[in-house]
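Quick note: the sequence shown, position 90, residue 924 per the working numbering, numbers continuous.
Inspection log for the structure reproduced underneath, given as structure tokens.
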Amino acid sequence: MKGQRLIELASDLLERFCLDIPTRPVGRDGNRKATDLFAARMRNCSFDVSCPEFRCIDWATEGAWLQTTAGRTVAHASPYSPGCDTRGRLRVASTVADLEAADLALALRGLLPELPG
Numbered sequence: 835m836k837g838q839r840l841i842e843l844a845s846d847l848l849e850r851f852c853l854d855i856p857t858r859p860v861g862r863d864g865n866r867k868a869t870d871l872f873a874a875r876m877r878n879c880s881f882d883v884s885c886p887e888f889r890c891i892d893w894a895t896e897g898a899w900l901q902t903t904a905g906r907t908v909a910h911a912s913p914y915s916p917g918c919d920t921r922g923r924l925r926v927a928s929t930v931a932d933l934e935a936a937d938l939a940l941a942l943r944g945l946l947p948e949l950p951g
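Here's what the structure looks like:
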């Protein structure tokens with residue numbers, strides 16, 4: 835396959851994924867459509883393709899938040915995380931040393947996980 839033709843095929847496929855099937859969580863119709871599209875394109879390029887079926891939980895979120903005496907703060911949970919209703923002490927950690935010294939179960943986001951020890 836010539837380079838320019840490959841670029842055109844890749845560009846078309848990317849456009850289809852982004853514009854025609856933008857929502858593709860595993861287990862949903864969009865994911866099945868995207869899988870079928872990609873498999874068909876690869877077969878057209880003479881690749882041997884198989885698409886094994888597997889069970890997965892449905893991708894869903896009902897929102898997440900942290901409730902304190904000062905009010906409610908929006909939180910961001912993984913879409914595959916099981917729901918929970920739990921209570922505990924809120925602790926502040928503003929440095930890597932604070933995190934290392936604390937006995938916590940937590941998830942990090944933003945720049946803090948990238949800071950050197």
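No residue lacks a Cβ here, since even glycine has one placed at the ideal position from N, Cα and C.
Asked                                                                                                                                       : Found
Under 8 Å by Cβ, that's how I've got Thr895 and Ala911 pegged, so tell me the actual separation to the nearest angstrom.                    : 7 Å
Which of helix, strand or coil does DSSP assign to Val930?                                                                                  : helix
For Leu900, name the three-state secondary structure that DSSP assigns.                                                                     : strand
Compute the Euclidean distance between the alpha carbons of Ala840 and Met876, then round it to the nearest angstrom.                       : Reading off the sequence shown, one finds Leu at residue 840, where the question assumed Ala. Each residue's alpha carbon lies about 12 Å from the other.
Among the residues of its own chain, which have a CB less than 7 Å from the CB of Leu924, if the five just before and after it don't count? : Thr902
Is it buried or exposed for Ala931, if we count other Cβ within 10 angstroms and need 16 for buried?                                        : exposed
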